[in-house]
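*Asks:* Quick one: the structure is below, and I'll ask about it shortly.
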Amino acid sequence: MKKSLLRTMIFGCLFVLTGLFLSAPTLAARVDTGSVDGIWSSWYWDWVDDSDPSLFDDGDAMQRFDTLVSDSTYTSYAQWWEYQYHGPPENPDKWWGHCHAWAGAACWERQPPKYKVVRNTATGVKVKFRVRDRKGLMCEAYYNDASGDVADFMISQPSPGVTWSWLRAEIKGNDPMWGKKRGFVGELYYGDEVWNYPIYKYKVVCEWDPSSGYYGTMTLWGAGDGDPRYAQSTELYSIKITYQFWGVELDNNGWPTTHGEWTGDGPQSRPDAIWRPQYPTTWETYLGNPYLYNDALNVILFNKQK
Amino acid sequence: MIQRSQRNCLKGGNMGSRKRHTWTWHGLFLLMICCFFIVQGEVAAALDAPPAWSPGQWWVVESQTYNTGKIRRGDTPGWDSKVGWRYQVEGTEDLEGEPYYVVVVTPLEGNKCAYTFRYWFRVSDRSVGRREVRHPARNPEVQKDIGPPVVARSFNNKPNLLSNFEFPALPVTIPVFSSRAHASSAGTPRTLSQRTQAATKISTADMKGKADQAFMAKVGARVTPDSSLVKISQGAAVIENQYWNAGLPWCVYGEQSNETFTSRRYWLVDMGSN
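Those sequence lines, one after another, are chains H and D. For the first sequence, position 156 matches number 156 in this note's numbering, and the numbering has no gaps at all. For the second sequence, position 268 matches number 574 in this note's numbering, and the numbering has no gaps at all.
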């Protein structure tokens with residue numbers, strides 16, 4: 001009787017301990033993911049003149065725009081302006097370009113699906129705008145989108161907890177600002193250079209450390225802009241960056257409640273900023289090149305939807 | 307306490323003397339505690355009464371955001387141009403049985419923001435219960451659908467982490483005007499969503515030193531001797547310092563900082579009533 005009681009007690013204790021061990025969050029790897037549709041790739045339209053296409057090249061977007069809108073009484077100088085102010089005379093570094101503009105446009109605008117031939121009814125001139133031309137004009141129309149006074153949100157050097165919160169809110173769609181999920185921009189080069197990408201997907205994999213909170217990896221997927229061929233393509237090309245973090249605590253609904261810390265250093269150790277411009281009401285709201293204008297851009301960028 | 311002290315004295319001897327000293331220290335300690343709470347009470351008193359609002363009242367705030375120079379290539383760090391916002395008390399409405407002021411915030415000329423906002427501030431303490439963004443329609447043949455024309459977010463008077471960061475040029479952070487909330491919320495917030503605030507009485511000169519000078523000249527008669535500096539910490543990393551005067555409807559100057567730099571500053575520049 002005593003032996004069986006002892007055995008029962010031992011097994012009982014083992015049962016309870018096993019239960020406690022399995023229920024402890026130490027072993028529970030946590031995975032959180034989210035994604036949005038509609039983000040698109042582009043070329044970053046560099047300012048240097050050593051890799052095609054550039055917006056100011058002969059035969060490219062700005063010259064085609066000039067050809068369409070110029071007539072006997074008006075001459076458009078969009079190509080000249082682009083070369084002067086977004087081109088070689090500014091003595092740019094190789095990485096200078098339109099990534100912030102494209103990234104904002106990719107969050108708010110539909111990707112031009114194919115070419116469009118536009119006719120100037122006054123002059124009879126017809127110009128074909130390829131996908132790359134239409135993407136390029138759209139990017140230039142977003143050139144002045146990166147400012148705090150026109151931002152939905154703009155957070156410099158966000159912590160893991162803050163970054164994760166915005167990913168859950170906007171990309172996963174758990175509490176989106178506009179009622180439905182939407183991509184946002186990540187400036188993902190932690191350092192002097194600027195590399196903006198529209199983020200469309202994330203995955204957080206983490207485990208619990210009772211002494212400091214959750215630790216693990218946060219992977220972001222953004223549309224890519226690093227290959228000139230992306231200008232004409234309508235495929236989605238990705239970049240993927242994985243960050244490491246620790247010290248994030250979560251509430252019962254999975255929302256971060258503490259900042260935590262990023263691990264490591266170097267340009268891809270943490271995001272430099274996350275942000276999104278407010279959506280523009282016209283193509284001129286954030287316009288860079290002053291020779292572009294709304295009526296013409298509306299026609300060139302118009303996509304007939306089924 | 308006096309009676310007990312007297313009784314100890316009657317017993318006489320060294321023991322009684324030591325106890326007298328003990329009670330003296332206790333008394334001093336209690337006095338210090340009382341002083342502490344009296345001082346706290348004075349500080350809290352600065353926020354006990356919310357600013358006087360009434361339907362039709364309006365005010366204008368100009369704000370500036372800081373450009374870190376790290377998002378657009380070639381940008382240099384510095385303050386962006388000022389943009390204006392008009393706040394107007396539209397009326398009062400009940401949310402869950404409590405009255406709230408409904409304040410409409412619209413961008414003024416030169417402000418590129420295309421949205422207009424409505425905020426619900428609780429009448430009793432000005433806690434924000436709800437915000438609504440109205441936005442113009444887009445051209446669906448060119449642009450992605452943005453969703454419904456009005457998007458609301460309810461806070462249930464609890465701080466929301468995401469709201470700390472949205473619309474960075476629009477200053478709508480406001481203290482909770484309640485001594486009870488004040489006393490229970492001093493210190494550093496420990497979580498992202500937690501918010502704390504602390505108020506300090508300041509001189510009228512200090513308040514005016516931060517204010518828009520033209521506005522001060524215009525509303526001089528409205529300024530009372532009751533000015534406060536309120537420090538609101540949101541999620542440990544965002545701190546809002548605001549200079550208030552009890553005679554004015556909004557803080558005369560405020561600035562938002564994070565751990566590394568001041569990201570926003572704003573001034574009350576006009577006020578009136580329809």
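Beta carbons: idealized from backbone N, C-alpha and C, even for Gly.
Is it the case that the stretch 226-239 of chain H contacts the stretch 143-163 of chain H, given that we only count it when at least three CB pairs across the two stretches are under 8 Å?
*Replies:* no
*Asks:* State the DSSP-derived secondary structure class of H/Gly247, mapped to helix, strand or coil.
*Replies:* Strand at H/Gly247.
*Asks:* When you compare only the Cα positions, how much space is there between D/Trp550 and H/Ala169?
*Replies:* 33 Å
*Asks:* In the DSSP assignment, find the alpha helix (DSSP H) that holds D/Phe473 and state where it starts and stops.
*Replies:* Where D/Phe473 is concerned, there is no enclosing alpha helix (DSSP H), given that its DSSP letter is neither H nor E.
*Asks:* Tell me the rounded alpha-carbon separation between H/Ser211 and D/Gly541.
*Replies:* 21 Å
*Asks:* Give a yes or no on whether the C-beta atoms belonging to H/Pro256 and H/Leu188 are separated by under 8 Å.
*Replies:* no
*Asks:* Distance check for D/Ile508 and D/Gly515, CA to CA, integer angstroms please.
*Replies:* Near 11 Å, if we compare the C-alpha coordinates of D/Ile508 and D/Gly515.
*Asks:* Cβ of D/Ser499 less than 8 Å from any chain H Cβ?
*Replies:* yes
*Asks:* Quick one: is D/Ala520 buried, meaning 16 or more other Cβ sit within 10 Å of its Cβ, or exposed?
*Replies:* By the neighbour-count rule (16 or more Cβ atoms within 10 Å), D/Ala520 is not buried but exposed.
*Asks:* On the CB-based measure, 16 or more other CB atoms within 10 Å of its CB, does H/Asn253 come out buried or exposed?
*Replies:* exposed
*Asks:* Residues of chain D with CB closer than 8 Å to the CB of H/Ile171, please, in chain order.
*Replies:* Ordered by position in chain D, no residue passes the 8 Å Cβ test against H/Ile171, which lies about 13 Å from the chain.
*Asks:* With a threshold of 8 Å between beta carbons, is D/Leu414 in contact with chain H?
*Replies:* No, no contact with chain H.
*Asks:* Rounded C-beta distance between D/Ile452 and H/Trp40? I'm assuming under 8 Å.
*Replies:* Not confirmed; about 17 Å, so no contact.
*Asks:* Tell me which residues share the same chain as H/Lys128 and place their Cβ nearer than 7 Å to its Cβ, disregarding the 5 neighbours each side in the sequence.
*Replies:* Answer for H/Lys128: Tyr115, Val117, listed in chain order.
*Asks:* Just the Cα atoms here: how many angstroms apart are D/Pro442 and H/Trp208?
*Replies:* Roughly 45 Å between the two C-alpha positions.
*Asks:* Between the stretch 147-158 of chain H and the stretch 562-570 of chain D, can you find at least three pairs of beta-carbon atoms closer than 8 Å?
*Replies:* Contact holds: three or more Cβ-Cβ distances are below 8 Å.
*Asks:* If you compare alpha carbons, which of H/Val125, H/Trp262, H/Tyr83 is closest to H/Val162?
*Replies:* H/Trp262
*Asks:* Determine whether the Cβ of D/Thr422 lies closer than 8 Å to any Cβ atom of chain H.
*Replies:* no
*Asks:* For the candidate residues D/Thr506, D/Pro474, D/Ala527, whose alpha-carbon lies nearest to that of D/Asn547?
*Replies:* D/Thr506
*Asks:* To which residues of the same chain is H/Phe184 closer than 8 Å at the C-beta, ignoring the five residues directly before and after it?
*Replies:* Cys107, Asp152, Phe153, Trp166, Glu170, Ile171, Pro198, Ile199, Ile274, Trp275, Arg276
*Asks:* For D/Pro405, count the other beta carbons within 10 Å of its own beta carbon; 16 or more makes it buried, fewer makes it exposed. Which is it?
*Replies:* exposed
*Asks:* What residues of chain H sit near D/Glu402, judged by a beta carbon separation below 8 Å?
*Replies:* The contacting residues do not exist; D/Glu402 stays about 20 Å from chain H at best.
*Asks:* Run through DSSP, which three-state label would D/Arg378 get?
*Replies:* coil
*Asks:* Closer than 8 Å, CB to CB, is D/Asp576 near chain H or not?
*Replies:* Chain H, which has no Cβ nearer than 8 Å to the Cβ of D/Asp576, makes this no.
*Asks:* By the DSSP assignment, the alpha helix (DSSP H) with H/Tyr83 in it spans what residues?
*Replies:* Start and end: 78-85.
*Asks:* Tell me where the alpha helix (DSSP H) around H/Val69 begins and ends.
*Replies:* 61-69
*Asks:* Would you say D/Asp512 faces chain H, with C-beta separation under 8 Å as the test?
*Replies:* no
*Asks:* Would you give the residue range spanned by the beta strand (DSSP E) that H/Ile274 belongs to?
*Replies:* 273-277
*Asks:* What residue range is occupied by the uninterrupted beta strand (DSSP E) comprising H/Ser165?
*Replies:* Run containing H/Ser165: none in the beta strand (DSSP E); it sits in the alpha helix (DSSP H), 160-166.
*Asks:* DSSP on H/Thr8, reduced to helix/strand/coil?
*Replies:* helix
*Asks:* Does H/Ile300 come out as helix, strand or coil in the three-state DSSP assignment?
*Replies:* helix
*Asks:* Which of the residues in the stretch 131-161 of chain H, read from start to end, lie with their CB under 8 Å from any CB of chain D?
*Replies:* Cβ contacts with chain D come from Ala146, Ser147, Gly148, Asp149, Val150, Ala151, Asp152, Phe153, Met154, Ile155, Ser156, Gln157, Ser159, Gly161.
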